[in-house]
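In my numbering, the protein residues as written are -18 to 382.
Structure first, then comments.
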Amino acid sequence: MDMPPAPPTRRNVAVLIAAQALLGAQLPMLFVVGGLAGQMLSPIACLATLPISVIVLGSMLAATPMSALMQARGRRAGFWTGTAAGATGALVSAAGLYAGSFPLLAIGALGSGVFMSSLGFYRFAAADTASEAFRPKAISYVLAGGLAAAVIGPQLVKATSGTAIPFLGVYLAVAALNIVGSALFLALRIPPPPAPAAGSAPGRTRRQLLATPRIAVAIACAMVSYALMNLVMTSTPLAVVGCGFSQGRAADVVTAHVLAMYAPSFFTGHLIARFGAHAVVSAGLACLAAAGLTALAGVELANFFGALVLLGLGWNFGFIGATSMLAAAHTAAERGRVQGLNDLMVFGCVTLASLASGGLMNCAGGSPQAGWAAVNLAMVPFLALAGGALLWLALRPRPAR
């Protein structure tokens, strides 16, 4: 029989769920309007999704220093750094909209990227004080907070879009979310990791960590799950509007997608505990493949909803499963090193996917329908890569204990 989590763990998980819900709402907001704002200001159509790509680039660049900061000063310091950067970046992007400056819009996205990096560590923070048995559930519960974010974010887009300058109100609302939400971390109680004792083993180097099969496959599956989700989601508002539907419909499709990303988190941890992370990641890759097939079947509204719901499910199973694989494959001394390395590689791939998304959508085939098909066909080789890595790990002889 499972023991209930200790009170500090319950408190920390509750704080992180609330932060994921409130602060995480800004990412759906930015992804809904980022490409449309970029399309409005960009002098080159192929660069329309650059503001979204810069968010992910900022997240990639911030991953290693953010991890080092949390290793040295604790989770709270890193999370406050993220909200400060998120508020600043949103205000800079708002200034870019006010001035009609595409470069300023993109520069502000870097601050949003630093916030996105800190948000990615909420799931790791949930595992810090959790027992081994409760760890997968803690990770999935925190990510389940994104369910509220999926509702709050797009609805805030609708509520704040009626400004004289399109999308200006959305960016100002993002800044306000960061300022208000930062107060949540006053209740967080996660001590920084203890300093290593003199003469203690420092843990494996980054090269050695990447040479560990379970770590390498976990990172590869996280990279593919997140990058393909971003590749398709970034182009979705452009595709929905380009195929004749309204911006409100685009927001509804993104809402359904983000709901599908986070709703399964209530039971994903239980599935991992019962069937293992390997099986759950495999199910995630299958859902991503089904999403691509649904998108390629047509450009009716039902196709967009179906594809984006499957895309969200695939991200949930693939990313949470890969995170659980990774969390069980390193020591406390290696925590900051391996988590920073993981997020650096994951968001490096997501950056490339985001950049490719705009190019494929706007510059492949000459029509929104052809661009949307190109985006979804691009998923195939990466799904094959991740699936092959999982199969290799499953067939590999287990080391003797």
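Backbone N, C-alpha and C fix where the C-beta goes; we use that ideal spot for every residue, glycine too.
A quick note: this is a predicted structure, and the numbers were derived from the prediction, not measured.
Cβ-Cβ separation, residue j to residue i (assumed contact under 8 Å), whole Å
i	j	result
P436	N297	Residue coverage of the chain in this structure runs from -18 to 382, which leaves residue 436 outside it and unanswerable.
L17	N159	So it is not a contact: roughly 21 Å between Cβ atoms.
G126	I(-2)	4 Å
T385	I120	In the structure as shown, the chain begins at -18 and stops at 382. Residue 385 is therefore absent and cannot be evaluated.
A310	A199	7 Å
T215	T30	5 Å
G134	A6	4 Å
L269	G299	7 Å
V13	A131	Contact doesn't hold; Cβ gap of about 11 Å is too wide.
V(-4)	A154	Between A154 and V(-4) the Cβ distance is about 22 Å, and since that is not below 8 Å, they are no contact.
M210	M326	Incorrect: roughly 16 Å between the Cβ atoms, too far for contact.
L266	G368	6 Å
G92	G70	2 Å
T217	A232	Contact doesn't hold; Cβ gap of about 10 Å is too wide.
V280	A241	Wrong, their Cβ atoms sit about 19 Å apart, outside the cutoff.
S23	G321	Actually they are not in contact, since the Cβ atoms of S23 and G321 sit about 32 Å apart, beyond 8 Å.
Extent of the continuous alpha helix (DSSP H) run through residue i
i	result
C224	Premise fails: C224 is in no alpha helix (DSSP H) and is neither H nor E.
F383	As shown, the chain starts at -18 and ends at 382. That puts residue 383 outside it, with no answer to give.
P245	Note, P245: premise wrong, no alpha helix (DSSP H); not H, not E.
T275	A258 to L277
S48	L31 to R54
M97	F83 to G101
S121	R116 to A125
S335	R316 to C344
V151	L149 to G162
V361	V361 to L376
G295	L282 to A308
P349	P349 to L358
L191	R187 to L191
Rounded straight-line distance, which links the Cα of residue j to that of residue i
i	j	result
G229	K139	7 Å
P9	I196	29 Å
R382	L252	With a pLDDT of 44 at R382, under the threshold of 50, the modelled position of that residue is not reliable, and no figure is offered here.
A208	N357	12 Å
R56	R316	12 Å
T312	G184	7 Å
S394	A129	The first residue shown for the chain is -18 and the last is 382, placing residue 394 beyond what the model contains.
L42	S338	20 Å
L364	A271	11 Å
A75	G94	15 Å
A375	P194	10 Å
H259	C202	10 Å
L333	N323	16 Å
A370	R170	37 Å
L219	L137	19 Å
L38	A68	17 Å
A308	A108	8 Å
G302	G162	28 Å
W353	L341	8 Å
F166	S40	20 Å
M51	A283	43 Å
A351	E113	47 Å
A276	V361	13 Å
P172	R318	17 Å
T45	L11	23 Å
Neighbour-count burial assignment, residue i, 16 or more Cβ in a 10 Å radius
i	result
F148	buried
S348	exposed
I263	Per the sequence shown, the amino acid found at residue 263 is Ser instead of Ile. Flag for S263 reads buried.
G77	buried
P117	buried
F328	buried
Q20	buried
Q189	exposed
L212	buried
A145	exposed
G81	exposed
G143	exposed
T186	exposed
Q1	buried
L372	exposed
I36	buried
A90	buried
A285	The sequence shown places Phe at residue 285, rather than the Ala named in the question. That one is buried.
Y243	buried
F115	buried
N(-7)	buried
L86	buried
F256	exposed
Cutoff 9 Å: residue i Cβ touching any chain B Cβ
i	result
V205	Given the protein chain composition of this structure (a single chain), no chain B is represented.
Residue i: CB within 8 Å of a non-hydrogen atom of the ligand NAD
i	result
A197	With respect to the ligand NAD, the structure shown offers nothing to examine, as it has no ligands at all.
Query raised in the report: Is the segment 91 to 101 close to the segment 55 to 69, with three or more CB pairs under 8 Å?
Result: yes
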